[in-house]
Amino acid sequence: MHRAEQWRALATAMGWDLPRFASESHGVRSGRRIVIHTGAGHPVRRWPIERYHALAARLRAEGWEPSLVDDTVSDLDTLVDVLSTADRFIGNDSGPGHLAALLDVPTFTIFGPQRPELFAPQHPDAAWIEGAPCEYKPCFDACRFAQPDCLLSLSVDSVWSRVQAWLARQPRT
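If you're matching positions, the sequence shown starts at 12 in our numbering and goes up one per residue.
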């Protein structure tokens with residue numbers, strides 16, 4: 012069972028009313044804007060920033076409008092406003108991807124130590140790429156190695172190939 016379903020069931024059992032974000036955009040969508048969130052709650056889930064810059068350059072060359080956002084946007088209202096103007100979302104395994112999915116923005120997630128089948132944003136057009144296998148996966152945020160080799164195994168070329176396939180599945184609005 013996906014973690015989101017587990018948390019939803021627990022909240023319901025406790026009698027909590029879960030907030031629902033409006034699916035209509037708060038902002039204007041151009042059809043080509045991709046918000047790229049480079050942060051994550053833990054370093055082992057952060058794909059290197061220079062690779063995100065290279066990915067953004069490739070998107071720009073293909074006519075997309077990438078906008079890089081990092082963890083300095085920590086206010087939830089501001090983050091929702093930024094995400095609500097996006098036509099697509101690309102990011103690490105982190106909370107903003109789930110917010111984007113709640114705002115009906117198709118998501119592409121770069122996974123390292125986590126398992127996508129448990130933690131991928133729940134959107135019908137969600138896609139992801141998963142790093143190299145590791146015998147300890149999922150290690151969550153307690154990587155046994157000096158660096159998250161699973162995540163660092165993902166080159167710009169491999170991510171770009173999967174992102175292109177994901178974008179091709181969805182018509183531009």
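Backbone N, C-alpha and C define an ideal beta-carbon position, used for all residues, glycine too.
On a predicted model such as this, the values are computed, not experimentally measured, just so you know.
query	result
Between which two residues does the alpha helix (DSSP H) harbouring S95 extend?	L87 to S95
Quick check: the segment 114 to 130 against the segment 46 to 56, are at least 3 beta-carbon pairs closer than 8 Å?	yes
Assuming A97 and F119 are in contact, meaning their beta carbons sit under 8 Å apart, how far apart are those beta carbons, in whole angstroms?	No, A97 and F119 are not in contact; Cβ-Cβ is about 12 Å, not under 8 Å.
Can you have a look at R180 and say buried or exposed, based on whether 16 or more other CB atoms are within 10 angstroms of its CB?	exposed
Measuring only the C-alpha atoms, how far is A20 from G26?	10 Å
To the nearest angstrom, how far is the alpha carbon of D168 from that of I140?	12 Å
Please name the residue, chosen from P135, A67, A157 and S105, that lies closest to S85 on a Cα-to-Cα basis.	S105
Only counting the same chain, and skipping five residues up and downstream in sequence, which positions put a Cβ closer than 7 Å to that of R44?	E76, S78, T96, A97 and D98
Within the same chain, show all residues whose beta-carbon is closer than 6 Å to that of G142, passing over the 5 residues directly before and after it, in chain order.	G123, C161, L162, S164 and L165
Thinking just about the alpha-carbon of each residue, which of L87, F100 and A72 is nearest to the one in W177?	F100
For C150, which residues in the same chain have their Cβ closer than 7 Å to its Cβ, ignoring the five residues on either side in sequence?	P124
What does a CB cutoff of less than 6 Å around G50 pick up in its chain, not counting 5 residues either side in sequence?	D81 and D82
Along the beta strand (DSSP E) that carries S78, what are the first and last residues, could you check?	E76 to V80
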